[in-house]
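Sequences listed follow chains G and X, in order. Residue numbering for the first sequence follows my numbering, beginning at 5 and increasing consecutively. Residue numbering for the second sequence follows my numbering, beginning at 5 and increasing consecutively. Note that CB positions come from ideal geometry on N, CA and C, so glycine has one too.
Number of protein chains: 2
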Amino acid sequence: VPTDAPASVADLGEFGLIDRLAQTLGPSANPNLVIGIGDDAAAWLPSPRCMTVATTDALVAGVHFDLATTSWEDLGWKALAENISDVAAMGCRPRYALVALALPANAPVSGIEAFYRGMRACGERYGCSVIGGDVVRSGAFVIQVTLLGESLPMDAGPDRLLLERSRARDGDAIAVTGPLGGSTGGLRLLLGQATASEARVAEELMNAHRRPMPRVQEGLALVEAGVRCAMDVSDGLLADVGHICERSGVDADLDASRVPLYHGLEAVFGQEALRLALTGGEDYELVCAAPPETIARAGELLAERGLGPLSVIGSIVPRTGVEPRVRAFQSSGVPLDVTVGGWDHFHGG
Amino acid sequence: VPTDAPASVADLGEFGLIDRLAQTLGPSANPNLVIGIGDDAAAWLPSPRCMTVATTDALVAGVHFDLATTSWEDLGWKALAENISDVAAMGCRPRYALVALALPANAPVSGIEAFYRGMRACGERYGCSVIGGDVVRSGAFVIQVTLLGESLPMDAGPDRLLLERSRARDGDAIAVTGPLGGSTGGLRLLLGQATASEARVAEELMNAHRRPMPRVQEGLALVEAGVRCAMDVSDGLLADVGHICERSGVDADLDASRVPLYHGLEAVFGQEALRLALTGGEDYELVCAAPPETIARAGELLAERGLGPLSVIGSIVPRTGVEPRVRAFQSSGVPLDVTVGGWDHFHGG
C-alpha cells in the first residue's frame with residue numbers, strides 16, 4: 005500500500021480515506037457543533053426557538069452529472085449547493101451537511117479530495133459545515149448529501165417562519181429572485197452545442213452551470229417580509245411553479261415577457277433563450293408567491309440588503325381542472341406552446 | 005402507463021413513486037414534526053435543551069446486502085435499524101429519518117413498497133418517522149439513510165449527555181448490553197453454510213440477522229447511569245473495541261470466557277461460536293467503557309428497567325504502541341489468536 009500518493013480509494017482503504025477527507029474539510033467554524041466526524045453520529049446544539057429543517061439529494065454519475073463537463077471540485081460545490089438551495093427555499097439557513105459516497109474501488113483519491121475541497125468552498129461561502137458521512141464501495145458512483153438547516157427564530161405566535169410549497173393562494177403575485185436559463189445555457193456551451201461571440205459572456209454562463217449560487221439571504225429576507233410560499237428553480241421554472249400549484253391546489257399564469265433572462269442568454273441563443281429560461285433547470289433562484297403588497301415589501305427589503313431584484317412574472321389563479329396548469333403568455337396574450345419538460349428521474353427526463 | 009399494478013418504478017415515474025411511498029409510510033405520530041414529505045425540506049421543532057445528533061449510512065446491493073437472503077421488508081427494517089443503532093450508540097433517541105434510494109429503472113414497485121413497510125415497522129417500534137428523502141435512477145441499487153436523533157435534555161452543567169468513542173480511560177471496565185454472534189450465525193444458516201438441529205434455535209439466529217434490535221433504551225440508561233463511552237457492535241466486537249481504543253488513545257484486554265454468546269450459537273457452531281461472537285458484525289449491541297463502579301450502577305439501572313444484562317467482558321489498559329491493540333485472553337491467560345477482520349469497505353472486508 006503506497007502511503008504518500010495513493011492513486012485510488014482501494015489503495016487507501018475506508019478509514020484512511022475518511023482521515024484524509026476530514027483533513028481536507030478542516031475543523032468546523034460553527035461553535036454549536038459538539039461532535040463532528042469520527043463518532044457514531046455528529047452532535048450539535050440547535051439554536052433556541054428555531055425549527056430544524058432537513059433535506060437530502062442523491063446524484064448518480066452518468067444520470068445527474070458527467071465528469072467530462074464538470075470538474076471534481078465543481079461537482080463538490082454543486083452537490084452541496086443543490087441541497088443548500090433546498091434549505092434556502094424553505095427560508096432557512098444551512099448549518100450542517102452529511103455526505104455519503106458510494107464509490108467504485110478505482111475512484112481516484114485526488115478526485116475525491118478535490119470534490120471535498122469544492123464542498124468546503126461552498127460550505128464556507130454559506131456558513132455550512134460537512135460534519136459526517138459514509139464512504140462505501142459500489143459499482144456505480146453515487147453522491148448523497150443531507151443538509152440540515154435552521155429557520156429564523158419563531159415568534160411567540162403560531163405563524164410558521166418558513167417558505168412552503170402549499171401556501172400559494174388565488175390572487176398572489178409570482179416572483180423570482182434573479183435571472184433564469186444561465187445554467188442550462190452554460191451547459192450547452194460546455195457541451196459544444198452552442199458558441200458565444202464574447203468570451204466573458206460564455207464564461208459567466210458556464211460559471212452559472214458550474215458554481216450555482218443558492219439564494220440563502222434572499223430566502224431569509226422573503227420570510228422576514230411576510231412571504232410564506234416559495235421553492236427553488238431546480239427542475240425548470242414551469243415545472244417548479246407546477247409543483248407549487250399542485251401542492252397549493254391552484255393554477256398559475258406567467259407573463260413570458262417579464263421572465264428575467266440570464267445575462268447574455270439572448271445574445272447566444274436568440275429566440276431560444278426564453279425557452280431555456282422557462283424550462284432549463286438548476287438555476288437555483290427562488291420562485292415565490294404572495295399577495296402583491298407582500299411581494300412589493302419583499303422587493304424593497306431585498307433592495308435594501310443589496311439583493312435581488314425581485315421580478316414579478318405572473319399570478320396565481322384558481323384551479324380549473326384536476327391537474328395543475330401553468331401557462332406562459334406572450335405579450336400578445338397568446339399562450340406559449342412550451343412543453344413543461346420537468347425532470348422525472350424514471351421517465352427519462 | 006398502467007395505474008393499478010405498476011410492475012417497475014419506470015412504469016410509475018418519480019412523483020408517482022414518491023406518492024405511493026408516502027402512503028405506505030402513513031402520517032408521522034410525532035407532534036413536533038411541522039412539515040414531512042412533499043416540500044423542499046422537512047421541518048420540525050427540536051426538543052428544548054436537547055442536542056441533535058445525525059448519522060448516515062449507505063448500503064449497496066451486492067456489497068452490503070443480498071436480496072437472495074434478505075426480503076425487501078427485512079431490508080427496510082435493517083436499513084433503518086442500522087442507523088437507529090448509531091443514534092442509540094450516542095445515548096440518544098431516534099426521531100426522524102431521510103431515505104435516498106438510487107434505483108435501477110426495473111426495480112419492482114412491490115419490492116420498494118415492502119421495503120418501506122419494513123422501515124415503517126422498525127420506525128414504529130423505536131418512535132422514529134421517515135419524513136423525507138429522494139429517489140433517483142441509477143445502474144446500481146444504493147440505499148442511503150440519514151437518521152436524526154435527540155440527546156437527553158442537558159443539565160445546566162457542561163457535562164455532555166452522550167456516549168462518545170473517545171472517552172475510554174485506563175482502568176475502565178468494558179461491558180456489552182447483550183449476547184453476540186447471533187447475526188453472523190444466522191447469516192451462515194441462511195446461506196446454508198451450517199445447520200441447526202433445533203428449528204427454534206435456527207429461527208432465533210436467522211431473526212437476529214433479519215430483524216436486529218438496536219439498543220435505544222439501553223443507551224439512554226447507560227447515559228443516565230453516568231457512562232460516557234460506547235459504540236454499537238456493527239463491524240464485530242474486536243474491531244469496534246479497536247475503534248474506541250483508537251479514538252481514546254488506549255488499549256483493551258478482553259476476557260474471552262466472559263463474552264456472552266447468542267442463544268444456541270454454541271450448539272450450532274461448537275468451538276467456532278466464540279470466534280463468531282468476537283468478529284461477527286451487525287449484532288447492534290452496545291459495548292461501553294466506564295469506571296467499574298459506574299458500570300455496576302448502569303447494570304443495576306438496566307435490570308430495574310427490565311433491560312440487559314450488562315456483561316463485563318474486559319478492561320481498558322494503557323496504550324503500548326502506536327496502533328491500538330485489543331487482545332482477547334482465554335481462561336488459561338493465553339491470548340487468543342483471532343484476526344480482527346473488521347469490515348473495510350475498500351480493502352474488501
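**Message:** Does the CB of H362(G) have a neighbour CB from chain X at under 8 Å?
**Reply:** Given a span of 5 to 353 for chain G in the structure shown, any question on residue 362(G) remains unanswerable.
**Neighbouring residues, chain G, relative to D159(X) (Cβ below 7 Å)** = None at all; the shortest Cβ gap to chain G is about 13 Å.
**Proximal residues of chain X, C-beta to C-beta of Y100(G) below 8 Å** = A58
**Prompt:** Between the beta-carbon of L287(X) and the beta-carbon of S187(X), is there less than 8 Å?
**Reply:** Position check: residue 287(X) holds Asp in this sequence, whereas Leu was assumed. Yes.
**Sequence-distant residues of the same chain with beta carbon closer than 6 Å to G337(G), five excluded per side** = Excluding residues within five positions, none has a Cβ falling inside 6 Å.
**Request:** Would you kindly work out how many angstroms separate the C-alpha atoms of R24(G) and V64(X), rounded to a whole number?
**Result:** 23 Å
**Message:** Can you tell me which residues form a DSSP beta bridge with P322(G)?
**Reply:** V254(G)
**Prompt:** Whose CA, out of R173(G), E297(G), G143(G) and G30(G), lies closest to the CA of G122(G)?
**Reply:** G30(G)
**Item:** Residue burial classification, G253(X) (beta-carbon count within 10 angstroms, cutoff 16)
**Value:** Exposed: under 16 other Cβ atoms inside 10 Å.
**Asked** Roughly how many angstroms lie between the CA atoms of D239(G) and L193(G), to the nearest whole one?
**Response** 19 Å
**Prompt:** P50(G) versus chain X: which residues are under 7 Å apart at the beta carbon?
**Reply:** Going along chain X in sequence order, the residues near P50(G) (Cβ under 7 Å) are P50 and T56.
**Message:** If we require 3 or more residues per run, which beta strand (DSSP E) segments fall completely within the stretch 296-340 of chain G?
**Reply:** You should have 315-322 and 330-333.
**Message:** Tell me the DSSP secondary structure of M235(G) in three-state form.
**Reply:** In the structure shown, M235(G) sits in a strand (DSSP, three-state: E or B).
**Prompt:** Where in the stretch 266-298 of chain G do unbroken runs of the alpha helix (DSSP H), each at least 4 residues long, occur, reported from the N-terminal end onward?
**Reply:** 269-273 and 276-283
**Request:** Please name the residue in E304(X), Q221(X) and C249(X) whose C-alpha comes closest to that of M94(X).
**Result:** Q221(X)
**Prompt:** In chain X, which residues lie with their C-beta within 7 Å of the C-beta of Q148(G)?
**Reply:** A62, A104 and Q148
**Request:** Return no unless some Cβ of chain X is closer than 8 Å to the Cβ of G80(G).
**Result:** no
**Backbone CA spacing between A271(G) and H247(G) [nearest angstrom]** = 30 Å
**Message:** DSSP has I39(G) in a bridge; who is on the other side?
**Reply:** A47(G)
**Asked** For P6(X), which residues from the same chain have a beta carbon less than 7 Å from its beta carbon, with the 5 sequence-adjacent residues on both sides left out?
**Response** Because the pLDDT at P6(X) is just 45, under 50, the model does not fix this residue reliably, and the value given afterwards should be weighed accordingly. Here the set comprises D15.
**Message:** Going by beta-carbon coordinates alone, are I39(X) and A179(X) separated by less than 8 Å?
**Reply:** no
**Asked** Which residues share a DSSP beta bridge with A62(G)?
**Response** Q148(G)
**Asked** Is M123(X) close to chain G, meaning its C-beta is less than 8 Å from at least one C-beta of that chain?
**Response** no
**Message:** Quick check: the Cα distance between G153(G) and L265(G), rounded to an integer number of angstroms?
**Reply:** Approximately 30 Å between the Cα atoms of the pair.
**Prompt:** In or out: A172(G) buried (at least 16 other Cβ within 10 Å) or exposed?
**Reply:** buried
**Request:** Output yes or no for whether 8 Å exceeds the beta carbon distance between V149(G) and N211(G).
**Result:** no
**Asked** Any chance the CB of A58(G) is under 7 Å from a heavy atom of the ligand GDP?
**Response** Questions concerning the ligand GDP fall outside what the structure shown contains, since it holds no ligand whatsoever.
**Item:** Nearest candidate by alpha-carbon position, reference L278(X), set I41(X), D138(X), P183(X) and D244(X)
**Value:** P183(X)
**Request:** Output the boundary residues of the beta strand (DSSP E) element that contains S133(X).
**Result:** S133 to R141
**Request:** Tell me whether S12(X) sits in a helix, a strand or coil according to DSSP, three-state version.
**Result:** DSSP places S12(X) in the strand class (E or B) of the three-state scheme.
**Request:** Quick one: grab the DSSP three-state call for H244(G).
**Result:** It should be pointed out that residue 244(G) corresponds to Asp in this sequence rather than to His. Note: D244(G) maps to helix in three-state DSSP.
**Request:** Sort E128(G), A109(G) and L290(G) by Cα distance to L306(G) and report the nearest one.
**Result:** L290(G)
**Item:** Neighbour list for L166(X) in chain B, Cβ cutoff strictly below 8 Å
**Value:** Chain labels in this structure do not include chain B; the protein chains are G and X.
**Message:** Only counting the same chain, and skipping five residues up and downstream in sequence, which positions put a Cβ closer than 7 Å to that of R251(X)?
**Reply:** R169 and S170
**Contact list for the stretch 178-206 of chain G against chain X, Cβ threshold 9 Å** = none
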